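Asker:
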Amino acid sequence: MPEHLPMNEQQQLQQHHRELSILNHIAQALNREVDLDRALQVVLGLVAELFGLRTGWVFLVHPETGNTYLAATHNLPPGLAHEPERMAGGCYCLDTYLAGDLEGAANVNIITCSRLKKLMAGTDGLRFHASIPLYAQETRLGVLNVASTDWRKLSADDLRLLYTVGDMLSIAIARAHLFARSTQLGAVEERNRLAREIHDTLAQGLSAIALQLETADALLERADRQDAALQQVQRCVQKALQMARHNLEEARRSVLDLRAAPLQGRTLAQAIAHLIQESALGPEVDCDFVLVGDDRPLPVHLEVGLYRMAQEALNNIQRHAGACHVRLTLTLTPASVSLAIEDNGQGFDPAEIPEGRFGLVGLNERARLLGGELRLESSPGEGTAITVCVPLPAR
Numbered sequence: 024m025p026e027h028l029p030m031n032e033q034q035q036l037q038q039h040h041r042e043l044s045i046l047n048h049i050a051q052a053l054n055r056e057v058d059l060d061r062a063l064q065v066v067l068g069l070v071a072e073l074f075g076l077r078t079g080w081v082f083l084v085h086p087e088t089g090n091t092y093l094a095a096t097h098n099l100p101p102g103l104a105h106e107p108e109r110m111a112g113g114c115y116c117l118d119t120y121l122a123g124d125l126e127g128a129a130n131v132n133i134i135t136c137s138r139l140k141k142l143m144a145g146t147d148g149l150r151f152h153a154s155i156p157l158y159a160q161e162t163r164l165g166v167l168n169v170a171s172t173d174w175r176k177l178s179a180d181d182l183r184l185l186y187t188v189g190d191m192l193s194i195a196i197a198r199a200h201l202f203a204r205s206t207q208l209g210a211v212e213e214r215n216r217l218a219r220e221i222h223d224t225l226a227q228g229l230s231a232i233a234l235q236l237e238t239a240d241a242l243l244e245r246a247d248r249q250d251a252a253l254q255q256v257q258r259c260v261q262k263a264l265q266m267a268r269h270n271l272e273e274a275r276r277s278v279l280d281l282r283a284a285p286l287q288g289r290t291l292a293q294a295i296a297h298l299i300q301e302s303a304l305g306p307e308v309d310c311d312f313v314l315v316g317d318d319r320p321l322p323v324h325l326e327v328g329l330y331r332m333a334q335e336a337l338n339n340i341q342r343h344a345g346a347c348h349v350r351l352t353l354t355l356t357p358a359s360v361s362l363a364i365e366d367n368g369q370g371f372d373p374a375e376i377p378e379g380r381f382g383l384v385g386l387n388e389r390a391r392l393l394g395g396e397l398r399l400e401s402s403p404g405e406g407t408a409i410t411v412c413v414p415l416p417a418r
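Quick note: the sequence shown uses the numbering used here, first residue 24, plus one each step.
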């Protein structure tokens, strides 16, 4: 830097260089990370490091439901980190943001944190945080919160720069939403293509096989009933006919499932609640749904996979269980998601899977494909409990 410049100009150049360096670091991080949650996590760490802040967290607004959820955190104080439920639900900054009163860089939004205020200990000396609203034009995206024990270390230029960081985050979030939407539309087109293919090939082929087996069964019915070999052949034909009919039913249901987007803009919790309302269990079956944790979006393949498992489990219960009470419990934690389906039906011995329980094999395969684990508990006369637990990507 030229030494002949006046001191104030040198300071201004140093400040501009610092600002450009910060923005460059953050831009590189946002461009490097494809996953939105991971990008937010990395940027929070950079913001804390570059501005000398203690902690930070981001709430996002779900683009379909409008619900807010905790998307990323960095170095939360113990009172919040050790009790994740304290970060769920509304708070003063979110309420202010959703009311439209958390606007503009002209007003520095240094807010008393209502979550920290409720803690008796474990705050690490933190009481306030700066709240930066995140928007894409008029669309609400979320809130970036950063906290420090000494706000006097942050200049007016630093606070203004935080809003610029917020603008960069907003662009990255809006871009991720657009990418997710385009991916979803592409998946719908692919589902429709697969549905047509299943209908035109597999379903029609199974229908032809079933028709031939029905003809063979009718001919065997008129054959010599004293012939033991023919009786054995007829039993095999009837078994094959049963399997063909079952697989034809599954193929037709797959066509219907593929042609309809599984979640239709809902969160997984909302989709499962709607599935229960629309299920064919009948009015004599009491079916309820419990959500444990803060409702939030999950990776699309997990949402669809777990929804399909809930769908398959309810179908199994309707066909085989003879239950009068069913409960589905969806548990969301920062590290995992689990879905439990329990019924008080007739149960069975898991060591001897009953004939015709093709759905149990499918459930186990779906859990494996999701990278999770399926646990089955049942005994005759004691009902059945199926739990699938899937780890979530680290934030």
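Positions of the beta carbon are idealized from the N, C-alpha and C atoms, including for glycine.
Fair warning: this is a prediction, and the values are worked out from it, not measured in the lab.
In whole angstroms, what separates the C-alpha of residue 169 from that of residue 310?
Answerer: Their Cα atoms are separated by approximately 43 Å.
Asker: Here's the rule I'm using: 16 or more other beta-carbon atoms within 10 Å means buried, otherwise exposed. How should residue 156 be labelled?
Answerer: It is buried - the Cβ of residue 156 has at least 16 other Cβ atoms within 10 Å.
Asker: Under 9 Å between the Cβ atoms of residue 401 and residue 341?
Answerer: Not in contact: residue 401 and residue 341 (Cβ atoms no closer than 9 Å).
Asker: List the endpoints of the continuous alpha helix (DSSP H) containing residue 74.
Answerer: Its alpha helix (DSSP H) spans residues 59-74.
Asker: Within its chain, find whatever has a CB closer than 7 Å to the CB of residue 237; leave out the 5 residues flanking it on each side and keep chain order.
Answerer: Same-chain partners within the cutoff: 264.
Asker: Considering Cα atoms alone, identify which of 47, 409, 372 and 408 is closest to residue 184.
Answerer: Per the Cα distances, 47.
Asker: How about the region 388-406 and the region 363-370: do they share at least three Cβ pairs that are nearer than 8 Å?
Answerer: Touching, yes.
Asker: Less than 9 Å separating the beta-carbons of residue 389 and residue 411?
Answerer: Yes, they are a contact pair.
Asker: Between the beta-carbon of residue 121 and the beta-carbon of residue 317, is there less than 9 Å?
Answerer: Against a cut-off of 9 Å, the Cβ pair of residue 317 and residue 121 comes out as no contact.
Asker: How about residue 414 and residue 358: do their beta carbons lie closer than 9 Å?
Answerer: For residue 414 and residue 358, yes; Cβs fall inside 9 Å.
Asker: Are the beta-carbon atoms of residue 109 and residue 103 separated by less than 9 Å?
Answerer: Yes; because the gap between Cβ atoms is below 9 Å, this pair is in contact.
Asker: With distances taken Cα to Cα, identify the nearest neighbour of residue 373 among 393, 397 and 49.
Answerer: Closest option to residue 373, Cα to Cα, is 397.
Asker: Is the beta carbon of residue 298 sitting closer than 9 Å to the one on residue 330?
Answerer: Yes, the Cβ-Cβ distance between residue 298 and residue 330 is below 9 Å.
Asker: Alpha carbon to alpha carbon, how far is residue 85 from residue 321?
Answerer: Between residue 85 and residue 321, the C-alpha separation is close to 11 Å.
Asker: With DSSP collapsed to three states, give me the class of residue 324.
Answerer: Of the three classes helix, strand and coil, the one that applies to residue 324 here is helix, per DSSP.
Asker: Given this structure, state the Cα-to-Cα distance separating residue 160 from residue 198, to the nearest angstrom.
Answerer: In a straight line, the C-alpha of residue 160 is about 13 Å away from that of residue 198.
Asker: Pick helix, strand or coil for residue 135, following the three-state DSSP scheme.
Answerer: Three-state DSSP puts residue 135 in a strand.
Asker: Here's the rule: buried if 16 or more other CB atoms are within 10 angstroms of the residue's CB, otherwise exposed. What is residue 259?
Answerer: Label assigned to residue 259: exposed.
Asker: Compare the C-alpha of residue 337 against each of 323, 324, 312 and 325 and name the closest.
Answerer: Among 323, 324, 312 and 325, the Cα nearest to that of residue 337 belongs to 312.
Asker: Between which two residues does the beta strand (DSSP E) harbouring residue 78 extend?
Answerer: Segment 78-84, the beta strand (DSSP E) holding residue 78.
Asker: Identify the continuous alpha helix (DSSP H) that holds residue 297 and give its terminal residues.
Answerer: Run containing residue 297: 291-301, per the alpha helix (DSSP H) assignment.
Asker: Can you give me the Cβ contacts of residue 283 inside the same chain, cut-off strictly under 8 Å, excluding the 5 residues immediately before and after it?
Answerer: The pLDDT assigned to residue 283 is 49, lower than 50, so where the model puts this residue is not dependable; a value taken from the coordinates is nonetheless given after this. None.
Asker: Using the Cβ count rule (16 or more neighbours within 10 Å means buried), how would you classify residue 62?
Answerer: Classification of residue 62: buried, given that the 10 Å Cβ count is 16 or more.
Asker: Which term fits residue 43, buried or exposed, when burial requires 16 or more other beta carbons within 10 angstroms of its beta carbon?
Answerer: So residue 43 ends up on the exposed side.
Asker: List the residues that DSSP assigns as beta-bridge partners of residue 165.
Answerer: According to DSSP, residue 165 bridges with 83 and 157.
Asker: Alpha carbon to alpha carbon, how far is residue 128 from residue 178?
Answerer: Below a pLDDT of 50, predicted positions are generally treated as unreliable, and residue 128, at 44, falls in that range; the measurement from the model is reported next regardless. So the two alpha carbons sit approximately 13 Å from each other.
Asker: Decide if residue 143 is buried, meaning its Cβ has at least 16 other Cβ atoms within 10 Å, or exposed.
Answerer: Label assigned to residue 143: exposed.
Asker: Would residue 386 and residue 295 qualify as a contact pair, given that the criterion is a beta-carbon distance under 9 Å?
Answerer: Not in contact: residue 386 and residue 295 (Cβ atoms no closer than 9 Å).
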